[in-house]
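> Can you keep this structure in mind? I'll have questions shortly.
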Amino acid sequence: MKKLLFFLLLAPLLLASDIKTEQKIYTLIIHSLLPQKKEIKVWCDDKAKKELIDSIPKVRYILNPENADFLLLSKNQKIQTKGVKFVTNLKLLEAGKDSVVGGFFWQKGRPNILFLKKNLQKHHIKLPKSMQEYIEEDI
Amino acid sequence: MKHIKKIYAFIFFSIIAAILYLFYATSQIQQTLNTNVENIFIKEAQSFAKNINEEMLKHIQHNPYEELKKNPQLQMNMEHAISILVNNSFKYIFVLYRDKNGNYRYLLDGSKEKSHFNQRLSVDKLLWNKVYDTQKPLILNQQKLDSLWITYLKPVIFDKQTKAIIAIDFSTELPQNIYHAIKPLNKIFFYIFIAIGLLILILVYQSIIGMKVKRESITDPLTQTYNRNYLRDLLNHIDITNYQIIMLDIDHFKQINDNYGHKAGDYILAMTAQLMQKEIRENDILIRFGGEEFLIFIKKSSADTHLAYNIAQRVRKTIDSHLFNYENKEISITVSLGITCQPEHFKSASLAIKNADEMLYIAKREGRNKVVATIPNRSATNEMQLKSIDDVKAALDEERVICYFQPIYNTQTEEILKYEALVRIREKDGSITPPLAFLNSIMYTNIYNDLTKKVLESVFKQIKEKKVVISVNLNFSDILNNKIFDLIIDELETHKDLSSWLIIELLEYELIEEISIIQDHLLQIKEYGVKIAIDDFGSGYANYNIFKQLPIDILKIDGSLIRDINTSEASYKITHSIVLLAKEFNITTVAEFVHSQSVLETIKELHIDEAQGFHLAKPSPYI
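Protein sequence lines, in the order shown, are assigned to chains A and B.
Note that the numbering used here has the first sequence beginning at 1, numbered continuously upward.
Note that the numbering used here has the second sequence beginning at 1001, numbered continuously upward.
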């Protein structure tokens, strides 16, 4: 009975739960990486993520990657910028392990966050304590 | 009607119960299916995990991480073996170990979405650590993750130490398939419930409106008591034997309206109703019968046979002592009340109410602010043992209803001309009970009809045997009552040859509304040669119209006039004028209550034709 009601009433909400989880995680990641910025300019190569980025507080979606403070990459592309690069899958993280600071991706149905220690250091980023458990030496 | 309502309620609740049961049963089916599927999958997962564990223990000696790292071929072989177990239901099967930092990393991965050896995986560390530390398998419900349903975790133990955890993830496809299969059925029930819910809301709303309208239709807006609409309904289903009936009327109410205005009258009515309501009990019923008349049904109590009388007295005293204050004017009122104590002895509730009304009339006639219960002339019956209907019925059955006969004399010749039959009950101990003790209790009942028949039979028997003229007493209401009238006609028809010896004495009637019926009935009776006498003329409201309207042969002057004829000039003059009037209409006059020689002399002097009374002869059972 409980399950039935759960399915009847919460099924539409569940469909949105992944998106909400992603939004929360990205909020946490972006603000942990760039805590000093009053407004964080974010560029993303996946236009589908525009809405998600816009929903994050103190974050502005921009069209020019060169001006971005934070770049969210879902494809392998060479962009010369001082901004912090972050990827959306493990393969990109492996491919860009020299420049990318980290990645957020789904693995075995579970959300996974990884930060690469040496790239964090390159950007002089010190993560808050709650995020430090996701730091990896290498990949 | 009550049964129909019960049947409707039963059907309604049965439908609700059936739908609830089906709804519950459907959800139970889903739950049972889910549980059963869970059990099947868990058992299968346990079996898979056991096999993987055995394989690991078989090929690895002490440390899976070190040994698999050194032996990529073993790793590949084992991952291949695990991958065979992966299918749509068992989506991910893998083995993780816990590193020195407490993070979980891959040892083996048989899933299609393959991960590298030693690659990190974010898991719920609390629960995974529990498995690691307790060395016991765990089943996790993955409610927070969309694509997973259940995860089965089994520790892999080497040298009594947990070195890895086997994880088997079930995909959510199956429970979702079950859910989608049953969803239409659940939707149907859901909409049925909504429809029934709306229907119930509409029904409740309609019932509330209906009850409100019904209540307004049966409530008197001024006094907030029930009205005659309610009485009409009540009489259809009430068991009148459970009640005593009080009829109440506010004395001189017209004067209140005239002196203080109709608003004051309305105020008095409303306040009087409130006072009455306080004096009666919850299960008594107060009805505004009309105008200033109220009807109270008093629920009988086996412990108190005088309940209605006591309540009536209480009401009367309360209202009598209450000072009504309307616009700084103090108004006091009184009420008169009539009671029917035994409504069960009446043929219908309406007749029982009518009797209470007649008792009320008597209360008013006796001076108002009084309670009269069933017996009209209480002063005459105070010392008398009053008879119930059952007593009279028993007397009739046992042939103890008899007639006494009082002679009526010719005043000039002093010869007996005829007799007046007077009904009596002979008690079992031989004592005689007069009619005042029982006539009123049987009025309007079938027993009264039986008694009338008995008297007529007895009178005709005497006429036949003694060849004398005999008069019997009847009421105008008897002539109006078709049953009694038919009974009289039947008796006259049976004794056609003797009927000219019969005189019917009718009590003076105040207001004859159905005069044409009475005229018609009396003329029919007179066709048999029966003479008609008016009894007690001049006692109440002498209505001279009866000379014009009714075929009268004899006028019996009321005893109270004759009794005082020598002491009261008024009585003498009234009697004299009645005699003169009767002579004009060629009507025979009879003086009653002749109790002395001097009275006899006076009535002779006034040329009254006939006389009766104790001075001449007392009633006797024999002629």
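Here a beta-carbon is modelled for each residue, glycine too, at the ideal position from N, C-alpha and C.
1) So within the segment 1085 to 1123 of chain B, which uninterrupted beta strand (DSSP E) runs reach at least 3 residues, ignoring any that extend past its ends?
2) Measure from the alpha carbon of Lys1548 (chain B) to the alpha carbon of each residue in B:Ile1525, B:Asp1564, B:Phe1585, B:Glu1569, then state which is nearest.
3) Does the separation of the CB atoms of Val996 (chain B) and Arg110 (chain A) fall below 8 Å?
4) Would you call the CB atoms of Ile1298 (chain B) and Asp1284 (chain B) closer than 8 Å?
5) Going along chain A, which residues have a C-beta under 7 Å from Val1095 (chain B)?
6) Do you know offhand how far Ser1452 (chain B)'s Cα is from Ile1389 (chain B)'s?
7) What does a CB cutoff of less than 7 Å around Ile1082 (chain B) pick up in its chain, not counting 5 residues either side in sequence?
8) So is Gln107 (chain A) buried or exposed if we call it buried at 16+ other beta carbons inside 10 Å?
9) Bridge partners for Phe1485 (chain B) per DSSP, in chain order?
10) Could you pull out every unbroken beta strand (DSSP E) segment of at least 3 residues lying fully inside the segment 1228 to 1282 of chain B, listed in chain order?
11) Would you list the residues sitting across from Arg1426 (chain B) in a DSSP beta bridge?
12) What is the rounded straight-line gap between the Cα of Val84 (chain A) and the Cα of Ile1168 (chain B)?
13) With a CB to CB cut of under 6 Å and the five nearest residues on each side skipped, what residues in its chain are close to Lys1604 (chain B)?
14) With contact counted as at least three CB pairs below 8 Å, one residue from each stretch, are the segment 1186 to 1193 of chain B and the segment 1021 to 1028 of chain B in contact?
15) Taking the C-alpha atoms as reference points, what is the distance between Asn1377 (chain B) and Ile1557 (chain B)?
16) Once the 5 residues before and after Ser1499 (chain B) are set aside, which same chain residues still bring their CB inside 7 Å of it?
17) Could you check if Thr1413 (chain B) is buried or exposed, using at least 16 other CB atoms within 10 Å of its CB as the buried criterion?
18) Cα separation between Gly1538 (chain B) and Glu1358 (chain B)?
19) Assuming contact is defined by CB atoms lying nearer than 8 Å, are Leu1248 (chain B) and Leu1323 (chain B) in contact in what I supplied?
20) Under the DSSP definition of a beta bridge, which residues are partnered with Glu972 (chain B)?
21) Mark Lys1160 (chain B) as exposed unless 16 or more other C-beta atoms lie within 10 angstroms of its C-beta, in which case mark it buried.
22) I want to see whether chain A comes within less than 8 Å of Leu1127 (chain B), judged by CB atoms only; does it?
23) Please give the ranges of any alpha helix (DSSP H) in the segment 1527 to 1614 of chain B, keeping only runs that are unbroken, at least 4 residues long and fully inside the region.
24) If the cut-off is 8 Å on Cβ atoms, which residues from the segment 1147 to 1161 of chain B count as contacting chain A, listed in chain order?
25) So what does DSSP say about Pro128 (chain A), is it helix, strand or coil?
26) In whole angstroms, give me the CA-to-CA distance for Ser55 (chain A) and Ala95 (chain A).
27) Please classify Leu1511 (chain B): is it buried, with 16 or more other beta-carbons within 10 angstroms of its beta-carbon, or exposed?
28) Provide the residue span of the beta strand (DSSP E) that contains Glu39 (chain A), from first to last.
29) From which residue to which residue does the alpha helix (DSSP H) around Asn1410 (chain B) run?
30) List the residues of chain A that Lys1121 (chain B) touches, going by C-beta distances under 9 Å, in chain order.
31) Pick out whichever of B:Glu1610, B:Ser1477, B:Gln1244 has its Cα sitting closest to the Cα of Phe1593 (chain B).
32) Does the segment 1077 to 1091 of chain B come close enough to the segment 74 to 94 of chain A to have 3 or more Cβ pairs within less than 8 Å?
33) If contacts are defined as beta-carbon pairs under 8 Å, then Leu1474 (chain B) and Leu1506 (chain B) qualify, I think. What distance do you get, rounded to the angstrom?
34) Taking Ile1554 (chain B) as the reference, give the member of B:Leu1502, B:Asp1478, B:Phe1294, B:Lys1058 with the closest Cα.
35) Ordered along the chain, which non-local residues of its own chain (more than five positions away) have a Cβ less than 6 Å from that of Met1384 (chain B)?
36) In angstroms with no decimal places, state the Cα-to-Cα distance between Ile1608 (chain B) and Asn1545 (chain B).
In short:
1) Runs found: 1090 to 1098, 1104 to 1109.
2) Ranked by how close their Cα comes to the Cα of Lys1548 (chain B), the residues B:Ile1525, B:Asp1564, B:Phe1585, B:Glu1569 have B:Phe1585 in first place.
3) Outside the modelled stretch of chain B, which goes from 1001 to 1623, sits residue 996 (chain B), for which no answer is possible.
4) For Ile1298 (chain B) and Asp1284 (chain B), yes; Cβs fall inside 8 Å.
5) Chain-ordered listing is empty here: chain A has no CB closer than 7 Å to the CB of Val1095 (chain B), the nearest sitting near 12 Å.
6) The residue you asked about is not Ser; residue 1452 (chain B) is Thr in the sequence shown. Linking Thr1452 (chain B) to Ile1389 (chain B) through their CA atoms gives a straight-line distance of about 14 Å.
7) Correct list, in chain order: Ile1052, Ile1093, Leu1108, Gly1110.
8) So Gln107 (chain A) ends up on the buried side.
9) Phe1485 (chain B) is not bridged to any residue.
10) The segment 1228 to 1282 of chain B contains these whole beta strand (DSSP E) runs: 1243 to 1250.
11) The bridge partners DSSP lists for Arg1426 (chain B) are B:Ile1432.
12) Val84 (chain A) and Ile1168 (chain B) have their C-alpha atoms some 37 Å from each other.
13) Contacts found: Thr1411.
14) The segment 1186 to 1193 of chain B makes contact with the segment 1021 to 1028 of chain B: 3 or more CB pairs, one atom from each, lie closer than 8 Å.
15) Caution applies to Asn1377 (chain B), whose pLDDT of 39 falls short of 50 and renders its modelled position unreliable; the value that the coordinates give is listed next. Note on geometry: alpha-carbon atoms of Asn1377 (chain B) and Ile1557 (chain B) lie some 20 Å from one another.
16) Apart from sequence neighbours up to five positions away, the residues of its chain that approach Ser1499 (chain B) with a beta-carbon distance below 7 Å are Leu1492, Tyr1528, Gly1529, Val1530, ordered along the chain.
17) Exposed is the label assigned to Thr1413 (chain B), since fewer than 16 other Cβ atoms lie within 10 Å of its Cβ.
18) In this structure, the straight-line span from the alpha carbon of Gly1538 (chain B) to that of Glu1358 (chain B) is close to 21 Å.
19) No, the pair does not count as a contact, with Cβ atoms beyond the cut-off.
20) Because chain B here runs from 1001 to 1623, residue 972 (chain B) falls outside it and cannot be looked at.
21) With fewer than 16 Cβ atoms within 10 Å of its Cβ, Lys1160 (chain B) is classed as exposed.
22) Under the 8 Å criterion on CB atoms, Leu1127 (chain B) is classed as non-interfacial with respect to chain A.
23) For the segment 1527 to 1614 of chain B, whole alpha helix (DSSP H) runs of length 4 or above, ordered along the chain, are 1545 to 1549, 1559 to 1563, 1569 to 1584, 1597 to 1605.
24) The segment 1147 to 1161 of chain B vs chain A, Cβ under 8 Å: Ser1147, Leu1148.
25) When DSSP states are grouped into helix, strand and coil, Pro128 (chain A) belongs to the coil group.
26) Taking the straight line from one Cα to the other gives about 29 Å.
27) Low local confidence applies: a pLDDT of 48 at Leu1511 (chain B) is under 50, so the model's placement there is unreliable, with the coordinate-based value given in what follows. Exposed is the call here.
28) Segment: none, Glu39 (chain A) is in no beta strand (DSSP E) and carries neither H nor E.
29) Going by DSSP, Asn1410 (chain B) is part of no alpha helix (DSSP H) but of the beta strand (DSSP E) stretching over 1401 to 1410.
30) Note that residue 1121 (chain B) is Leu in the sequence shown, not Lys. Scanning chain A for C-beta atoms nearer than 9 Å to the C-beta of Leu1121 (chain B) yields Gln107, Lys108, Arg110, Asn112, reported in chain order.
31) Cα-wise, what sits closest to Phe1593 (chain B) is B:Glu1610.
32) Output reads no: the segment 74 to 94 of chain A does not touch the segment 1077 to 1091 of chain B.
33) The beta carbons of Leu1474 (chain B) and Leu1506 (chain B) sit about 6 Å from each other, so the pair counts as a contact at 8 Å.
34) Measuring C-alpha to C-alpha distances from Ile1554 (chain B) to each of B:Leu1502, B:Asp1478, B:Phe1294, B:Lys1058 identifies B:Leu1502 as the nearest.
35) Low per-residue confidence applies at Met1384 (chain B): pLDDT is 48, beneath 50, and the placement is therefore not dependable, though the value from the model is reported in the following sentence. Taking C-beta separations shorter than 6 Å and ignoring five residues to either side along the sequence, the partners of Met1384 (chain B) in its chain run Ala1437, following chain order.
36) If you take the alpha carbons of Ile1608 (chain B) and Asn1545 (chain B), they lie about 21 Å apart.
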